[in-house]
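Position in the sequence shown (from 1) plus 306 gives the number in my numbering.
We put the beta carbon where it would ideally sit given N, CA and C, even for glycine.
Everything below concerns the one structure shown next.
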Amino acid sequence: MIQFHALEIPQLERFLERQRSGLSLRGEIDLDLVLRQILQKAYEFVPSESGSILLDDPYRKVANRRENELVFVATFGHASRDLIGHRLSAQYGIVGRVYQAGTPYVSAEVDHDRYFYSAIDEQIGHKTHSIVAVPIYIGKNVCGVLELVNRLEGKAFTQRDMTLLEIFAGYTSFMLQNALDAKRAHELAKRDDLTGLYNDRWFNVRLNEVLGDARKTGREAVLIFMDLDRFKVINDCHGHQAGSQVLREVGFLLKRMVNQENAAVARYGGDEFVMVLPDTTIEQGLKISEEIRDAISSAVYLSSESGFTMPPLNLHGILSASIGIAQHLPDAKSTLPLDAEKNDLLRRADAAMYRAKSRGKNQVVIAHAGEAMHGEPGGDLSELRH
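Right under this line is the structure:
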């Protein structure tokens, strides 16, 4: 029996998240099943020894397709499980050619094909004779490749096979788009309309879950509170539409950088953002926070024309971030309500952020567990921020 494999859901979601939607794909749709069904249908269209779906990584994707990487997200056939998660530069191979050109390709005998890349065969101990591959689109954009290897019964792939697979590729795009649309509808209630990050309401629910889990596991967590420095300058000098686009770009930057499983990133209102990272030490949280701070201060914003016909502004050296980190050390014997524990954690992170502001901005301040942040704003943040 042929087995069809796919990336685990937490990793797979990354590859179907596209910037145009700004929405994550967590929810009830079985994404790995969708991709395995796509491969099974491709096998029925054009019976083959093995096959793969490769997608580009939207968090690393650049305009020049040649510079991107393709990742095996679903496979079937000989040693195919070993390929799951493997990255392949789009510069190489028949798959790379199809991805770059956005057109289908068939190779009846790869030994005589200048595009064939043999490294994958060498890695998994396989012999490829013939390949047919077609591009996968989401909307009008190429996002990956569907590839079949070695037609059954010892035959070579033909132009007819390529035509059949090209027709099927339209079905593939339709299924992926349906998955995106279903997830988008499921997620809307949890999301901030502007950035696509989680909203503060759902973030508070998620934070309670993280603190509850921490009591059970005894594992440390961190809460990061971030406020953009000099964001008002952008609004005042370039208008609120420019400011809104900058917030979108910051949101996508945060989603790209905070990709830890079970982490949650939210816009907390205005130009404030919060992140909770379960199973994370304060040292790890500081490292991530410094990377975020550096990325925000070094990024170029509004580098392309926006949807409201604003010309590129290429803003650089204006925006930075003040970041506060609160360490959470769980106590399995604690009788404190989770809401109270949550509010204390938010208050400490918020106070640390204000201390970063008062020290000159564009820096990170840590609030260790048990440390009082004297002279800083206090109160119930669930009331202050809503």
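Open item on the list: Suppose only complete runs of 3+ residues qualify. What are the beta strand (DSSP E) ranges in the segment 592–632, listed by chain order?
Closed with: The qualifying runs do not exist here; there are none.
Open item on the list: Quick test of the definition: if touching needs 3 or more C-beta pairs under 8 Å, does the segment 654–673 touch the segment 632–644?
Closed with: At 8 Å Cβ cutoff, the stretches touch.
Open item on the list: Using C-beta distances below 8 Å, list every residue in its chain close to Leu361, excluding the 5 sequence neighbours before and after it, in chain order.
Closed with: Result list for Leu361: Phe321, Leu322, Leu376, Val377, Val379, Ile442, Cys449 and Gly450, in chain order.
- [ ] With DSSP as the reference, label Asn456 as helix, strand or coil.
- [x] Asn456: strand per DSSP, three-state reduction.
Task: Nearest residue (CA-CA) to Arg457, options Gly357, His311 and Leu517 - done: The candidate whose alpha carbon is nearest that of Arg457 is Gly357.
Open item on the list: Can you look up Glu355 in the DSSP assignment and give me helix, strand or coil?
Closed with: Strand, per DSSP.
Open item on the list: I need the straight-line Cα distance from Glu578 to Ala425, nearest angstrom please.
Closed with: A direct Cα-Cα distance of roughly 47 Å separates Glu578 from Ala425.
- [ ] Find the nearest neighbour of Asn568 within the set Gln397, Val582 and Leu559, judged by alpha-carbon distance.
- [x] Checked all of Gln397, Val582 and Leu559; the closest Cα to Asn568 is Val582.
Open item on the list: Looking only at its chain, what residues have a beta carbon closer than 8 Å to the beta carbon of Ile602, apart from the 5 residues adjacent to it on each side?
Closed with: Leu534, Val556, Leu559, Leu625, Ser626 and Ala627.
Task: Buried/exposed call for Val539, threshold 16 Cβ in 10 Å - done: With fewer than 16 other CB atoms across the displayed protein chains lying within 10 angstroms of its CB, Val539 is exposed.
Task: Span separating the alpha-carbon of Ile437 from that of Val516 - done: Rounded to the nearest angstrom, the two C-alpha atoms are 47 Å apart.
TODO: State the DSSP-derived secondary structure class of Ala385, mapped to helix, strand or coil.
DONE: For Ala385, the three-state secondary structure derived from DSSP is coil.
TODO: Grab the span of the beta strand (DSSP E) containing Ala572 for me, first residue to last.
DONE: Looking at the DSSP string, the run of the beta strand (DSSP E) that includes Ala572 is Ala570 to Gly575.
TODO: Indicate the three-state DSSP secondary structure (helix, strand or coil) for Gly518 in the structure shown.
DONE: Here Gly518 sits in helix by DSSP.
Open item on the list: Quick check on this structure: which residue in Pro410, Asn565 and Tyr607 has the alpha carbon closest to the alpha carbon of Val552?
Closed with: Out of Pro410, Asn565 and Tyr607, Tyr607 has the C-alpha closest to the C-alpha of Val552.
Open item on the list: So the candidates are Pro364, Pro410 and Leu389; which of them puts its Cα closest to the Cα of Met563?
Closed with: Measuring from the Cα of Met563, the nearest candidate turns out to be Pro364.
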